[in-house]
Structures are given as structure tokens and as C-alpha cells.
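Engineer: In this note's numbering, the protein residues as written are 185 to 425.
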Amino acid sequence: MISKSTQSIAILAFHKIGEPPAGQYPTWNYIPTAEFEKCITDLDLAGWTFLSLTTFLDGLLNNQALPPKSVLLTFDDGYKSFVTTVMPILADRSIPAVMFVPTQFVGGYNAFDRLVEPEEQICSWDELRHLESQGVSVESHCVTHPNLSLIEPENLAREISDSKREIDERLGKEVQSIAYPYGHTPSDHRGFSAQLANAGYGAGFLYGGGLITLPIQNPYFLSRIAMGPDTDVLDELGHKS
Ligand SMILES: [Zn+2]
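#1: What separation, rounded to the nearest whole angstrom, lies between the Cα atoms of MET185 and ARG374?
#2: What's the gap between the Cα of GLY422 and the Cα of LEU244?
#3: Using 6 Å as the cut-off, classify the Cβ of PRO302 as near or not near the heavy atoms of ligand 1, replying yes or no.
#4: Give me whichever residues DSSP pairs with LEU312 in a beta bridge.
#5: Would DSSP call MET283 helix, strand or coil?
#6: Among SER407, ILE400 and GLU420, which has the Cα closest to the Cα of ASN246?
#7: Can you name, in chain order, every residue of its own chain whose Cβ lies under 6 Å from the Cβ of SER187, other than the five neighbours on each side?
#8: With a threshold of 16 other CB atoms inside 10 Å of the CB of ARG408, please say whether the residue is buried or exposed.
#9: Return the first residue and the last residue of the beta strand (DSSP E) that ALA194 is part of.
#10: For ligand 1, enumerate in chain order all residues having a CB closer than 6 Å to any of its heavy atoms.
#11: Quick one: residues in its chain with C-beta nearer than 7 Å to the C-beta of PHE234, no 5 flanking neighbours on either side, listed in chain order?
#12: Given a threshold of 16 other Cβ atoms within 10 Å of its Cβ, counted over all protein chains shown, does SER189 qualify as buried or as exposed?
#13: Here's the rule: buried if 16 or more other CB atoms are within 10 angstroms of the residue's CB, otherwise exposed. What is ASP261?
#14: Quick check: the Cα distance between PRO330 and PRO365, rounded to an integer number of angstroms?
#15: Which first and last residues belong to the alpha helix (DSSP H) in which LEU355 is found?
#16: Output needed for ASP242: all residues of its chain with C-beta closer than 6 Å, excluding positions within five of it in sequence on either side, in chain order.
#17: Using CA coordinates, which residue listed in PRO216, GLU323 and SER333 is at the minimum distance from LEU355?
#18: Would you call LYS348 buried or exposed, if buried means 16 or more other Cβ atoms sit within 10 Å of its Cβ?
#19: Identify the continuous beta strand (DSSP E) that holds LEU418 and give its terminal residues.
#20: Can you grab the Cα-Cα spacing for the pair GLY384 / THR211, in whole Å?
#21: Report the option in PHE376, ALA218 and GLN318 whose CA atom is closest to the CA atom of LEU282.
#22: Bridge partners of SER324, per DSSP?
#23: List the endpoints of the continuous alpha helix (DSSP H) containing VAL267.
#24: Bridge partners of LEU229, per DSSP?
#25: Determine whether the beta carbon atoms of ILE426 and PRO413 lie at a separation below 7 Å.
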């Protein structure tokens, strides 16, 4: 029997592009806009193809062929700054992306990590609707941005299904994926996978790790490369510098 060929895919996980609000210090989650733009240019010049979430999921779940060097851009938490710092760069080059939002904080602030990160505005539903129309897939990051390894089963169910339902209803779409806040998941991986499948999710994203390899063992534990200001994207993707 001929063994099935394998393929590596890069999933990049960003938080904030640009500067923190006036008077606040940047954390590792901030990448200067020029540096982000360089990262996109470097990937482009090195022959990487930017996938939409739909194309990515077709390759992941339906065995559709993907370009040999495929990359998925993801952004966590739904920061409003995305609209002014990231969107012009992506729109200019027609590059798709994925944004994971904790639904309780839409239109508000990052109250969930305000002790360790500067307080910043999170997109409103109108802004998310606009981003969705511009090629950004708005997907689930739970309701309250909890650590899923620490919450009660009934709250876990609510975080998973209520966040999806609210985005589905508000944006008139079908959410297909979820990114786990802080990258944490419950320890019962089989039960958790079944719960996600029942809720209608096709894929789930961790935070950290390297490239993923298709065919995938379990689509609910996809590692993502954590991107910070000192991350050399081509290094991470195995290019010689
Ligand atoms: Zn987050």
C-alpha cells in the first residue's frame, strides 16, 4: 500500500499589531506595524500562499489539495486596532485572515487580561460584520475568555455553544472553528473533541507549537506559532536565514 503523502501547514497566531495606547508599555503581544508588514512581505516573497479559513478547512477536513507552502493568519481577542493597523495591509494584497473573539467583550474592553495587558477596545459587532465582509472570518474565542482547563463542565458547554450561536446570529454565518483562550483545553481530550463536534465546530486551535502536518490526527488540537516582535517568521517556517 502506498503511504499517503503528508503536508505541513503554518498557522500563525497574532494578538496586537501597532503601538499600545498612549502612556502604556508594549507587551510581547504587540508587534510594530512595519514589522508585521515585513512579515507578510517575507512570506509572500518566499512563496507562501495565504489561505482563507474555508480553503484551510477544506484541506484539513475534506482532503482537498492545498498549495505546498500554505499559511493561515489568525488574530486573537478581536482588538479594534486590527481595523486600522492590519486591515489596510491585508486588504491591499487581498489576504484573508481569521479573528477569534470572546463574545462577552465585543464592543467593550479586554477586561479578561487587563492586569497583564494594556486596556484596549475590542471591535463592535458592526466592525466585526465589516471585517467579515472584507475576508476576515470571525470565529469563536469562547464567551468570557476562560481557561478551559479550569472551568466546570456546565460552563464549558456554555462557553462553546453560546459563543458560536451569538456570532452565527449576529453575523449571519456559520462559525466553524474555535481558539482556546491561553491555548488551554480540558484534560479529557476525547470528550472535549466530541463536545466540539456536537456543537458544530470542525476545528480547534491551540496557542504555541510549530507547523501542523496533514493528514491531521485530531482537528481540535491544532498548534499555532505564537508571533511576537522577536519572532522571525521565515526561521519558524524552516527557511535558512
Ligand atoms: Zn485570547
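Beta carbons are placed, not taken as given, at the ideal position from N, Cα and C, and that holds for glycine. Computed from a prediction, not measured in an experiment: that's the story for all the values here.
Structural biologist: According to the structure data:
#1: Per-residue confidence for MET185 stands at a pLDDT of 47, beneath the threshold of 50, marking its modelled position as unreliable; the derived number appears in the next sentence. Roughly 29 Å between the two C-alpha positions.
#2: 21 Å
#3: no
#4: Paired residues: none, contrary to the question.
#5: If DSSP states are grouped into helix, strand and coil, MET283 belongs with the strands.
#6: ILE400
#7: Low confidence applies here, because SER187 scores a pLDDT of 49, under 50, leaving its location unreliable and the question unanswered by this model.
#8: Classification for ARG408: buried.
#9: 191–198
#10: ASP260, ASP261, HIS325, HIS329 and PRO365
#11: VAL255, LEU257, ILE279 and PRO280
#12: exposed
#13: buried
#14: Roughly 6 Å separates the two Cα atoms.
#15: 337–355
#16: GLN248
#17: GLU323
#18: buried
#19: Not the beta strand (DSSP E): LEU418 falls in the alpha helix (DSSP H), residues 417–420.
#20: 35 Å
#21: The identity of residue 282 in the sequence shown is Val, whereas the question assumes Leu. The shortest C-alpha separation from VAL282 is found at GLN318.
#22: VAL285 and ILE362
#23: 265–269
#24: According to DSSP, LEU229 bridges with nothing at all.
#25: Absent from the structure is residue 426, since the part of the chain shown begins at 185 and ends at 425.
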